[in-house]
Each structure stands twice: as C-alpha cells, then as structure tokens.
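Participant: My questions all concern the structure below.
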Amino acid sequence: MQNISGKGIRLSVVRSKTNLNRKKIFVILLLTLVALTLSACSGQPLTNTWPGLSADAERAYLATGSFIYAVDVTTGREVWKYPAEAGNSLLFYANPVLTEDGQLLIGSVGTTHAFISLDPATGKENWAEPFAGAKGTWVASPLVMNGIIYAPNTDGFLYFLDMNGKQVADPLELGGALWSAPATDGELLYIASLDHHLHIVDQAGSIIGEPIDLGGASPASPVAGEDGVYAGSFDSTIGFASSNGDFQTIAEASNWIWGSPVLDGNTLYFADLNGSIYSVDVSTGSQNWDELKPDGPIVASPLVAGDQIYFGSEDGVLIALDRDGKIVWEKTVGGNLYTQPVLSGVAILVAPYQAEFALAAYDASGKQAWTFIPVKE
Amino acid sequence: MWQTFIIQPMVNLLLWIYDILGHGPHMFGVAIILFTIVIRLITWPLNASQVKGAQGMQELQNDKEWQDIQKKYAKDKEKLAQEQMRIYKERGINPFASCLPTLIQFPIIIGLYQSIIRAMAATPLDMLNLTRTIYPFQNVENIIPLNSVFLWMNLGRPEGIPLPFEVSFLPNGFPLLAIVVALTTYIQTKLTMPTTPPNSNDQAAAQTAAMSSSMSIYMPLMLGWFALTFASGISVYFITSNLLGIVQYAATGRANWNNLLPGGNKKNAAKK
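Right, here's the structure in full:
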C-alpha cells in the first residue's frame with residue numbers, strides 16, 4: 002500500500018514538474034514571440050525607402066538598398082553593381098551624383114555612414130577609403146562646385162570634402178536633419194532642412210544671414226532661380242528665397258509639398274500629397290491652369306523633357322502632360338513612383354518602389370523600352 | 006485593424022501630447038512618460054484586478070480551508086481542482102486575473118514601439134507613412150519632424166553612454182537605460198511575487214511561486230535585452246511603467262520588500 006502510495010506521490014510530483022515545465026516553456030515562448038515581433042517591427046528601417054536614381058548618356062545609376070547598379074540605358078542590362086555582396090554596412094537610397102571629373106558620389110545610410118566615390122565606368126572605388134566622419138546617415142545627395150563636395154548629412158551638418166574625399170574645412174552645423182542636396186545660384190548654396198528652415202551658405206562655408214522660416218519641414222532640394230531659389234515645404238506653400246534672405250510665398254498647395262519644384266523658363270511646376278499638379282508663372286505669380294489632379298498623391302519631383310512634363314504618382318502611374326496641363330498619356334508602371342524620373346538621351350527612366358522591376362525606360366510617347374530586374378542574391 | 010486601432014491612436018496621442026508640451030527639445034521623452042501614465046490610467050482597473058488577484062492568491066496560501074483541501078485531496082487531482090474552483094468562486098478570486106494585464110502589456114509594447122519608430126520617421130518612407138497615420142484634425146506640420154533628443158538619448162535609437170574605449174558587444178556604449186529597465190522590472194516582479202509557505206504541500210502554490218521566480222529572472226533579462234537592442238523610447242516606457250507599477254503595488258501595502266533580498270521569499274513566508 003505504501004509502495005503504491007509512494008508511486009502515486011512520485012507520479013504526482015512528476016506531473017507537477019511537467020506542468021511547471023510546460024508553464025515555463027509557455028512563458029519563454031510568449032516572451033520570444035514578443036521579441037520576434039519587435040524584431041520584425043524594427044527590421045532594417047534604414048533600407049526601407051525608395052531608390053535613388055541618376056543617369057548620363059550611357060548608363061543609369063540606381064541606388065537601392067544594399068547595391069548601386071549601373072544599367073545600360075539602351076539595353077536595360079546591368080553593367081556593374083557595387084558592392085559585390087550585400088551587407089548592413091553599406092545601404093543606399095540617395096541619388097548618385099556624377100561629377101565633371103568622372104566620379105560617381107553617393108553617401109550610405111548603412112552602419113558605417115560611409116560617403117564613397119565610384120568610377121562610373123567600372124563601379125570600382127576611387128578613394129583609398131571612404132569618408133566616414135559624419136555622425137548621421139546620407140539621405141541627401143551632395144552638390145559639387147568648384148572642386149568642393151558639399152555634402153549635407155542627417156546629423157544636421159554640412160560637410161566639405163575635396164575631390165579625394167578629404168575634409169577641407171570643419172563641418173558646418175545648420176540644424177535639423179538634412180535630407181536634400183544643396184541648390185546653388187552659382188554663388189551661394191541654399192540648403193533646405195527638416196528644421197523648417199532654408200539655410201544660405203557661401204562657398205567658403207560661412208552662414209549668410211538668418212535661416213529663412215519655411216513654415217514646415219522641407220525634405221526636398223530647392224530649385225535655383227534668378228538671384229535666389231524656390232522652395233516648398235510641409236506648410237503646403239512654395240516661395241522664393243532671395244540671396245539677401247527675403248522670402249515671399251508665391252503659391253499655395255492643397256496639401257504638403259514633398260518633391261522639389263522644377264523651373265522651366267518662367268514656369269514653376271510642382272505637386273502635392275493630394276495629387277494636385279500646379280504650374281505657376283513666377284513672373285506674375287498666377288496659376289497657369291485650374292486644378293489638375295490626375296491620379297494619387299505625388300511625392301516625386303517632376304521632370305521637364307522636350308515639350309512634356311512627367312509626374313510619377315504614389316499609385317505607380319507615370320503621367321505626361323503638355324505645357325497647357327493637358328494629359329498626353331498615362332502609363333501604369335507599378336509599385337510607387339516616389340523617385341524623380343530621370344532623362345537619359347531620349348529615354349525617360351523611372352525607378353518604382355516595390356514593383357516587379359527596379360528600373361524601366363519609356364520613350365516620349367509612353368512606350369516602354371525595357372525593364373531592369375536585379376538578380377536576387 | 007492593427008494599424009487603425011493600435012498604431013494610429015497611439016501615434017496621434019503621442020503627437021498630441023508632444024504638441025501640447027510645446028514640441029521643444031526633450032519633449033518627446035516627456036510625451037512618452039505622459040503617454041505611459043495615460044496607458045497606466047486606462048489599464049488601472051486591470052492592474053488593480055491583478056493586484057487583487059495576486060493578493061487573494063497569496064492570502065489563500067495561508068488559509069486553513071485551502072491548506073486542508075490540499076492535504077485532503079492530494080491524491081485526487083480532479084477533486085482538488087473542483088474544490089479549488091469552489092473556493093475561488095466563494096472568495097471572488099480570479100486565478101487568471103494576474104496574467105491578463107501582463108498579456109495586455111504585450112500589444113501595448115509592440116504598438117508603442119511601432120508608434121515611436123513611426124513618429125520618429127528616420128527615413129523618407131517613414132515620414133511619408135507618418136503623414137498617412139495622422140488624423141485630419143491634427144495640425145502637425147509645425148511639429149514634424151519630432152525632436153528625438155531626450156536627456157542624453159536619441160529616442161529613435163538604442164541608448165548607450167559613450168565609453169572611452171571600444172567594447173565589441175556594446176556598440177552603443179554603456180547601456181545605462183537597459184540596466185535600469187532590467188532592475189526596475191526585477192523589483193516590480195519580485196514585489197508582486199507570492200510567498201511560498203514553508204514545507205507546503207500545496208503544489209499549485211509551489212508552481213505559482215516557481216513560475217513567479219522564473220518570471221523574475223526572464224522578464225528583466227528580456228526587457229533589458231529589448232532596451233539594449235531597440236529604440237530608447239521604448240526603454241523610457243518600460244521604466245515609467247515599472248515605476249508606476251511599483252508605486253501602485255506599494256500603495257496597497259502588500260508589497261513584499263523582503264523579496265528583493267536573497268532568500269527573502271522564504272523568510273517572508275516563515276514569518277507568516
């Protein structure tokens with residue numbers, strides 16, 4: 002009897018331990034699940050944005066995630082890619098910049114915050130080592146003028162590098178995260194910041210006057226006009242900032258203005274997050290057409306090429322307008338068109354975000370010439 | 006669903022508090038603290054039921070009738086369970102009440118983490134997504150982007166105090182906040198830990214105590230790891246939430262301060 006009872010107690014203890022272990026496993030699993038969920042939330046946030054794009058007459062340069070691709074604009078085939086293997090240390094989504102001395106400049110948002118120079122022909126690194134002196138990441142493209150690279154960083158500083166990637170002056174603190182390339186009127190640099198201000202800097206790196214209040218964050222580059230620049234902001238307005246620091250609002254939009262405006266003669270084209278497209282005569286301040294809202298929200302800057310103006314919408318539609326605001330054609334590209342279309346020869350290049358392909362070429366009639374799909378690693 | 010009912014309200018509440026505070030430097034950190042207090046107030050009844058449930062369970066361990074049925078039905082698990090349920094019903098104790106608030110914390114933690122990352126908008130796409138999250142009646146163009154600086158931290162990034170030398174496993178520096186998160190979590194868990202009567206035959210009580218003991222190790226380690234790895238804004242939430250939890254429990258006068266000491270659980274039980 003005692004034996005049986007003893008067995009019963011042992012059995013009970015075993016059951017109890019089993020229950021306990023199950024509960025422990027449950028707790029561990031639950032916590033692991035939360036950890037995994039949070040990990041999934043964080044992912045790689047810095048890679049998660051739309052690509053950068055630039056082009057010359059022969060190649061398109063696409064910066065997307067871990068790689069920069071050079072793509073032949075006549076065939077749509079990959080010429081080279083950089084780096085050879087994907088990694089978190091180098092991640093790209095700024096627009097690469099081609100320089101007159103034959104460099105392709107781009108900063109990374111990867112862990113090393115590297116700013117690099119590549120040979121556009123081969124994709125090989127030009128500098129002995131990248132510039133890695135910035136605290137923040139490189140969302141903005143640089144401006145190259147008179148042998149100096151002016152590189153705005155998300156740490157709020159403007160960096161001054163020579164054409165070999167060496168710092169030539171102490172970085173200049175402007176404030177706020179700098180997401181867009183400086184614009185220039187040939188003399189001064191105009192740098193829009195997320196701190197709601199437009200900063201004016203001379204080529205020697207001195208701040209000129211007080212920062213101009215734009216009323217909201219400005220994530221895109223201003224566009225140079227005569228003795229000043231045009232800049233839009235989240236304040237849903239676009240205005241002209243002159244070199245002496247005066248600012249005058251010239252047009253109001255129905256929603257936040259994200260992309261840079263484009264100036265073509267006396268006409269300024271821009272769009273807003275409502276999807277409205279505007280054409281303003283900057284000499285009179287008058288709108289050239291009534292409300293035009295062909296498709297979804299517009300983030301990307303437009304492209305003026307030939308007689309047409311091209312807008313890409315968030316809904317993945319490429320729209321070609323004539324100068325009177327008449328829609329010439331619309332093509333569904335797919336994904337989201339957040340990147341400004343780029344002209345290479347006669348090809349209109351578009352880099353959709355989250356589409357079946359990374360890059361596509363269209364002619365002026367809207368016929369697709371090719372698409373480029375990177376080989377998956 | 007998740008976006009509409011969790012992320013959007015949380016982001017808008019955070020932005021609204023931040024706006025009210027004047028959206029200056031350090032104010033997003035203060036907004037997270039106030040947000041945590043609001044969440045704590047909303048979940049106050051649940052936390053109160055957790056405290057009540059934990060107290061009730063603790064009192065049961067010293068209850069004569071409870072101890073009697075443990076002995077009486079030690080070999081008949083089914084009957085023991087029935088009797089336990091009867092006592093739970095009679096005393097108005099919900100044995101699961103202490104688990105519910107912990108479970109509710111998880112979606113809040115995940116939601117808050119996503120909301121902080123969304124509100125910080127470190128990339129252009131994040132910023133674009135943020136614009137889609139904001140309720141139409143909120144005028145936020147004046148406050149975006151948020152100032153992510155709070156004390157010495159960037160709330161959108163893992164915290165760490167720079168060290169004069171490099172430590173490979175501490176890429177962000179000395180993880181002060183992660184340590185404080187782990188410590189406050191440990192204190193909170195220990196304070197609410199039920200005592201185990203000495204030489205108790207009550208297996209349920211032993212299981213509960215063992216579970217709590219496991220939790221007091223796993224939870225601080227896990228939350229400490231979260232603090233080490235993820236945006237420091239979430240650490241501010243953890244610390245505020247833990248401190249409020251400690252205050253709330255201490256206010257009931259039932260906090261087992263002895264539990265904080267090694268072997269304190271047993272000493273505490275022996276006193277009873």
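These protein sequences, in sequence, are chains A and B. Under my numbering, think of the first position of the first sequence as 2, with each following residue one higher. Under my numbering, think of the first position of the second sequence as 6, with each following residue one higher. Even glycine gets a Cβ: it sits at the ideal position worked out from N, Cα and C. The structure presented is a predicted model; accordingly, all values stated were derived computationally and were not measured.
Tell me which residues share the same chain as P131 (chain A) and place their Cβ nearer than 7 Å to its Cβ, disregarding the 5 neighbours each side in the sequence.
Facilitator: So the list reads A115, F116, I117 and G166, once near-sequence residues are dropped.
Participant: Using the three-state DSSP reduction, which class does I44 (chain B) fall into: helix, strand or coil?
Facilitator: Helix at I44 (chain B).
Participant: Does any residue of chain A bring its CB to less than 8 Å from the CB of M15 (chain B)?
Facilitator: No, M15 (chain B) lies away from the interface with chain A (no Cβ there is under 8 Å from its Cβ).
Participant: Buried or exposed: which applies to Y279 (chain A), given that a residue is buried once 16 or more other Cβ atoms fall within 10 Å of its Cβ?
Facilitator: Y279 (chain A) comes out buried.
Participant: For a quick check, are the C-beta atoms of N152 (chain B) and M32 (chain B) less than 8 Å apart?
Facilitator: Against a cut-off of 8 Å, the Cβ pair of M32 (chain B) and N152 (chain B) comes out as a contact.
Participant: In whole angstroms, what separates the C-alpha of A61 (chain A) from that of I107 (chain A)?
Facilitator: Their backbone Cα atoms lie some 14 Å apart in a straight line.
Participant: What separation, rounded to the nearest whole angstrom, lies between the Cα atoms of A362 (chain A) and W371 (chain A)?
Facilitator: Answer to the nearest angstrom: the Cα atoms are 6 Å apart.
Participant: Contact between the stretch 139–151 of chain B and the stretch 205–221 of chain A is defined here as three or more beta-carbon pairs at a separation below 8 Å; is this criterion met?
Facilitator: With the cut-off at 8 Å, the stretch 139–151 of chain B and the stretch 205–221 of chain A touch.
Participant: Identify, in the order they occur along the chain, each residue of the same chain with its Cβ nearer than 8 Å to the Cβ of D364 (chain A), setting aside the five sequence neighbours on each side.
Facilitator: Cβ neighbours of D364 (chain A) beyond the five flanking positions: V347, A348, I349 and A370.
Participant: Is the stretch 245–260 of chain A close to the stretch 152–172 of chain B, with three or more CB pairs under 8 Å?
Facilitator: With a cut-off of 8 Å, the stretch 152–172 of chain B and the stretch 245–260 of chain A do not count as touching, because too few Cβ pairs lie within range.
Participant: Can you give me the Cβ contacts of I374 (chain A) inside the same chain, cut-off strictly under 6 Å, excluding the 5 residues immediately before and after it?
Facilitator: Around I374 (chain A): F358.
Participant: Between the C-alpha atoms of N154 (chain A) and F93 (chain A), what's the straight-line distance to the nearest angstrom?
Facilitator: Their backbone Cα atoms lie some 14 Å apart in a straight line.
Participant: Pull up the CB-CB distance for Q168 (chain A) and G206 (chain A), whole angstroms please, since I reckon it's below 8 Å.
Facilitator: With 8 Å as the limit, Q168 (chain A) and G206 (chain A) do not qualify as a contact, their Cβ atoms being about 11 Å apart.
Participant: In three-state terms, what does DSSP make of F174 (chain B)?
Facilitator: Coil at F174 (chain B), not helix or strand.
Participant: Can you find a C-beta in chain B that's less than 8 Å from the C-beta of V80 (chain A)?
Facilitator: Closer than 8 Å: no.
Participant: Just verifying my parser: in three-state terms, what is the DSSP assignment at R60 (chain A)?
Facilitator: Reduced to three states, the DSSP call for R60 (chain A) is strand.
Participant: At 3 residues or longer, what runs of the beta strand (DSSP E) sit wholly inside the stretch 309–374 of chain A?
Facilitator: You should have 309–313, 318–322, 328–333, 343–345, 348–351, 360–363 and 369–373.
Participant: Starting from the beta carbon of D387 (chain A), find every residue of chain B whose beta carbon is closer than 7 Å, and list them in chain order.
Facilitator: Nothing about residue 387 (chain A) can be read from this structure; chain A reaches only from 2 to 378.
Participant: Out of B:F10, B:R162, B:V56 and B:P30, which one is the CA nearest neighbour of L279 (chain B)?
Facilitator: Limits of chain B in this structure are 6 at one end and 277 at the other, which puts residue 279 (chain B) out of reach.
Participant: Please identify the residue among B:Q13, B:N263, B:G250 and B:M125 whose C-alpha is closest to the C-alpha of S3 (chain B).
Facilitator: Not covered by the structure: residue 3 (chain B). The range shown for chain B is 6 to 277.
Participant: Within the continuous beta strand (DSSP E) that includes Y191 (chain A), where are the two ends?
Facilitator: That run of the beta strand (DSSP E) goes L189 to A193.
Participant: Once the 5 residues before and after Q13 (chain B) are set aside, which same chain residues still bring their CB inside 6 Å of it?
Facilitator: Cβ neighbours of Q13 (chain B) beyond the five flanking positions: T138.
Participant: In whole angstroms, what separates the C-alpha of I150 (chain A) from that of D171 (chain A)?
Facilitator: C-alpha separation (whole angstroms): 13 Å.
Participant: By how many angstroms is the C-alpha of V186 (chain B) removed from the C-alpha of I244 (chain B)?
Facilitator: Roughly 5 Å between the two C-alpha positions.
Participant: Pairs of beta-carbons, one from the stretch 226–237 of chain B and one from the stretch 154–166 of chain B, closer than 8 Å: are there three or more?
Facilitator: Cβ pair count under 8 Å is three or more, so yes.
Participant: Find out if the Cβ-Cβ distance for the pair N89 (chain A), G53 (chain A) is shorter than 8 Å.
Facilitator: For N89 (chain A) and G53 (chain A), no; Cβs fall outside 8 Å.
Participant: On a Cα-Cα basis, can you pick out the residue from A:Y354, A:I251 and A:E188 that is closest to D282 (chain A)?
Facilitator: Checked all of A:Y354, A:I251 and A:E188; the closest Cα to D282 (chain A) is A:I251.
Participant: Does the separation of the CB atoms of L99 (chain A) and P121 (chain A) fall below 8 Å?
Facilitator: Taking 8 Å as the Cβ cut-off, L99 (chain A) and P121 (chain A) qualify as a contacting pair.
Participant: Would you mind stating whether L144 (chain A) and T185 (chain A) have Cβ atoms separated by less than 8 Å?
Facilitator: For L144 (chain A) and T185 (chain A), yes; Cβs fall inside 8 Å.
Participant: Threshold first: 3 residues or longer. Then list the beta strand (DSSP E) segments lying entirely within the stretch 96–125 of chain A, N to C.
Facilitator: With a minimum length of 3 residues, the continuous beta strand (DSSP E) runs that stay inside the stretch 96–125 of chain A are 105–108 and 116–119.
Participant: Short of 7 Å in beta carbon distance, which residues of its chain neighbour S246 (chain B), apart from the five on each side in sequence? Order them along the chain.
Facilitator: Excluding positions up to five away in sequence, the list reads T41 and R45.
Participant: Could you name the residues of chain B that L63 (chain A) contacts, counting a contact when the two beta carbons are closer than 7 Å?
Facilitator: The premise fails here: L63 (chain A) is roughly 16 Å from chain B at the closest Cβ pair, so nothing lies under 7 Å.
Participant: Would you call the stretch 234–251 of chain A and the stretch 182–202 of chain A in contact, with 3 or more CB pairs under 8 Å?
Facilitator: Short answer: they touch.
Participant: Run down chain B in chain order and give the residues with a C-beta less than 7 Å from the C-beta of T50 (chain A).
Facilitator: Result: T128, P129 and L130.
Participant: Would you check if the distance between the CB atom of A321 (chain A) and the CB atom of V329 (chain A) is smaller than 8 Å?
Facilitator: Yes. Within cutoff.
Participant: Quick check on the DSSP output: what are the complete alpha helix (DSSP H) runs of length 4 or more inside the stretch 225–312 of chain A, in order along the chain?
Facilitator: Listed in chain order, there is nothing to give.
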